[in-house]
Amino acid sequence: MNLSPTVGESAYRNAAVDSIRTRERHVLGFQHPVNYTRGITFSPNERQDNRFRVRLYRFMAESIPLIGAVIWTWARLAAAPGRFIFITNDRPVEDPQADQILKEFFDRINRVCFGHAGTEEDFLPPFFQSLFLDGAVLGRMELASDLSAIAGFRFFDPARTELEIDSSGSIRVIESADHGEVAHAGPDLFYYALNASLTNPYGRSIIKAVPFVAYIEQELLDDMRRSMHNAGYHRLHVKIHPPDRREGEADEAYAGRANGYFDSTVRMIREIEPEDNPVTWDDVTIEHIGPAGPGGAKTSSWYVNHRAMIEEICSGTHLSPFLLGYSYNATTNWAQFKYDLVMRQVRSVQAAATSFLNWLANIELALKGCHCRAEWRFDNSLPALAGEQAEVKSKEATSIINLYTAGLIDKETACRAAGRLV
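The working numbering numbers the first residue of the sequence shown as 400 and each following residue consecutively.
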């Protein structure tokens, strides 16, 4: 690590503060400062609706297995392994001391946030789970009193916060605590909303489009449960023909005799043991009631209807059924194509986590007096696809060599293109 003895510690601290201030305008997912002509305000109903939606989405994720699988899958796909690389003068460098500083830093703030030691990767699953489920991630960085380091980072609960944006684009978070409301403002705030709009910075949960369809799917499951429960147990249907009326028999006597015969037959059926057989006159009919069989039309219709509901939910959450364990005989090529589409979406969302980790890491390095800059890099490669990826890189390398041999590109261009393959 290169340290400059001519620059005092105050310069590094000022650089850290400047880094925080540049992050102040990095809200709502924009990469550049945004100037609003007027502030964005929200009515109490809008704020209350957002709190209700967050609680509804959490209830759905905890109560509906399919929705829980969606959040789990999205969060784990996005929280791929990764590492920090260090850059000095726009070139990657090895800096063991900066690497050790960041390891100690994330170990320290993980103890504050999660109660145990860990690495920067421990931030990723809860980060993406909140992003996909609640639609936003927000929190506040806490600096040490002497500006020597970052003391910790505290995440806010979107279900207990409200947002205000002034005319300059700065955000103000109002947190509802047990002792009242607490306002947070300043460049130490981090806020990122998933798929936010210019007029609604609260963000959109990944399951925002599925509550109605999920309700229908749950109603369908309940109907299936009741129907299959009713038809799933074999029963006896006993039909008793009333006895013939005797000549000259009074109405009261006939009714008493018929009712007594009926009651005796019912009592026999109720008291019959599994190894016994019913014995009656031929005016009693006993029929067997049960399901039509696994190939019946009723079972098939339930399967088709439930499959349609699952596909609607998967479509609303931008996932394919096979990613949630539902296999509908998709070919390998088609499944690979859909997985590639999902990974493109994952990479776009990973930019938010990259910005968050880079922001924390670079402020910590600046406070510690490091010249280098840290950049987080995700590794989205899978062992199952390693062979195909290696083959693609081999073909690209061969193409670069052929272009250089043919004189179509110079050596420097070929080296840069080859470097991007490593």
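C-beta: ideal position from N, C-alpha, C; glycine also.
Every value quoted in this text rests on a predicted model; they were computed, and no experiment measured them.
May I ask you to report which of helix, strand or coil DSSP gives residue i?
| i | result |
| --- | --- |
| L766 | helix |
| A664 | Correcting the residue type first, residue 664 is Thr in the shown sequence and not Ala. T664: helix per DSSP, three-state reduction. |
| K638 | strand |
| V453 | helix |
| T487 | strand |
| T679 | coil |
| S793 | helix |
| A592 | strand |
| N434 | The predicted model places N434 with a pLDDT of 38, which falls under 50 and marks its position as unreliable; any figure quoted below should be read in that light. In this structure, N434 counts as coil in the three-state DSSP scheme. |
| R815 | helix |
| R475 | helix |
| A752 | helix |
| L427 | For L427, the predicted model reports a pLDDT of 35, less than 50, meaning its position is unreliable and no value from the coordinates is stated. |
| K810 | helix |
| G481 | strand |
| I615 | helix |
| I712 | helix |
| G579 | strand |
| A783 | Below a pLDDT of 50, predicted positions are generally treated as unreliable, and A783, at 49, falls in that range; the measurement from the model is reported next regardless. Helix. |
| R669 | helix |
| V469 | helix |
| L802 | helix |
| A649 | coil |
| V609 | coil |
| L740 | helix |
| E674 | coil |
| R624 | helix |
| H717 | coil |
| R571 | strand |
Taking the beta carbon of residue i as the centre, do at least 16 other beta carbons fall within 10 Å, making it buried, or is it exposed?
| i | result |
| --- | --- |
| E749 | The amino acid occupying residue 749 in the given sequence is Gln; Glu does not appear at that position. Counting Cβ neighbours within 10 Å, Q749 comes out buried, since at least 16 surround it. |
| N488 | exposed |
| G647 | exposed |
| D587 | buried |
| R452 | buried |
| L501 | buried |
| T804 | exposed |
| N449 | buried |
| C814 | exposed |
| Y614 | exposed |
| R422 | At R422, the pLDDT of 45 sits below 50, so the modelled position is not reliable and the matter cannot be decided from this model. |
| I685 | exposed |
| I671 | exposed |
| S529 | buried |
| N761 | buried |
| T560 | buried |
| N509 | buried |
| V469 | buried |
| A576 | exposed |
| V703 | exposed |
| E519 | buried |
| G768 | buried |
| L807 | exposed |
Candidates the options: which alpha carbon is nearest residue i's?
| i | options | result |
| --- | --- | --- |
| S780 | E790, I466, A479 | A479 |
| S544 | E519, L766, H640, V791 | L766 |
| E795 | K607, I470, A816, G806 | A816 |
| W758 | Q744, S798, S596, Y591 | Y591 |
| E711 | G659, S747, Q617 | Q617 |
| W347 | D494, P524, D506, A497 | What the structure shows of the chain is the stretch from 400 to 821, and residue 347 is not part of that stretch, so it cannot be assessed. |
| Y738 | F755, A752, S747, L718 | L718 |
| I486 | A654, W775, S793, V791 | W775 |
| A608 | M742, R571, T716 | T716 |
| D533 | M667, L593, M708, L723 | L593 |
| D603 | L620, H636, V637, P557 | Per the sequence shown, the amino acid found at residue 603 is Arg instead of Asp. Closest option to R603, Cα to Cα, is P557. |
| H770 | D498, R457, F458 | D498 |
| R819 | I799, L807, I668 | I799 |
| R475 | L722, M667, R625 | L722 |
| E574 | R539, T797, D778 | R539 |
| V741 | I463, R454, W473 | W473 |
| D662 | V572, D809, V637 | V637 |
| F504 | F552, D494, I466, S462 | F552 |
| S462 | D494, A751, P610, H578 | P610 |
| A582 | Q735, Q496, E563 | E563 |
| D778 | T812, F483, D621 | F483 |
| L619 | K792, E651, I709, S569 | I709 |
| H705 | D622, D675, A652, T753 | D622 |
Give me the Cβ distance between residue i and residue j, rounded to the nearest whole Å; I'm assuming they're in contact under 8 Å.
| i | j | result |
| --- | --- | --- |
| F531 | I605 | 4 Å |
| E541 | A548 | About 10 Å separates the two Cβ atoms, so there is no contact after all. |
| F522 | L537 | Incorrect: roughly 14 Å between the Cβ atoms, too far for contact. |
| V745 | A477 | 5 Å |
| I639 | V678 | That pair is no contact at about 14 Å. |
| P642 | Y660 | 6 Å |
| A535 | Y601 | 6 Å |
Could you give the uninterrupted runs of the beta strand (DSSP E) lying entirely in the stretch 495-568, keeping only those of 3 residues or more? 535-542, 549-554, 560-564
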